[in-house]
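Only one structure is covered here, and it is reproduced in the block below.
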Amino acid sequence: MLNLEKLHLYLIIGCKNTFIDGNNLKRNIINHMPQLNILTFNIRSTVRLHNQINLLSNEDIQYTFNDFQNNQIITCVDYFSEIERGQCHIYSCPYELKEYHKITNNFPGGIFKYVREISLFDQRPFEHDFFLLIRIISDKI
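For the sequence shown, our numbering assigns the number 172 to the initial residue and increments by one for each residue that follows.
Structure (structure tokens):
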């Protein structure tokens with residue numbers, strides 16, 4: 172795969188200690204593919220919470236993508252204390268998949284031209300404003 176020039180990556184993965192971030196992508200994928208010109212991805216990683224004190228934020232994850240060129244990267248980090256799990260959803264824009272699963276109240280918004288199927292997941296109830304945000308976005312398509 173050293174000559175691979177274009178990669179579309181879609182992963183849902185459970186991790187032991189930390190979320191998949193830009194550093195992980197560089198270290199385990201990009202650095203091993205010197206011919207890679209185009210990388211698009213949609214990655215949702217989860218971790219089990221074991222009394223962690225330092226929980227990563229959206230900003231922490233976003234910072235790891237600062238040197239990614241030609242990509243707008245969206246990060247969405249959520250923690251669910253009732254089930255002792257954290258979830259990090261990272262994706263490159265434009266988002267070209269037909270589904271967007273496990274949208275939370277922390278949904279960053281955006282334009283999703285191709286999405287035809289969604290699923291929602293959160294500990295807190297979704298408020299009316301959340302559904303207005305989704306409707307407004309779909310009206311712009």
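Even for Gly, the Cβ is constructed at its ideal location relative to N, Cα and C.
Residue pairing of K177 in beta bridges, as defined by DSSP: I209. In this structure, the alpha-carbon of K284 lies about 16 angstroms from that of T211. If you draw a straight line from the Cα of F251 to the Cα of L178, it is about 32 angstroms long. Note that the C-beta distance between N213 and Y181 is below 8 angstroms. Pairwise C-beta distances place the stretch 248-266 in contact with the stretch 213-222, as three or more of them are shorter than 8 angstroms. With respect to the 8 angstroms criterion, C247 and F278 are classified as neighbours on the basis of their beta carbons. Burial is judged here by how many other beta carbons sit within 10 angstroms of a residue's own beta carbon; L173 has fewer than 16 and is exposed.
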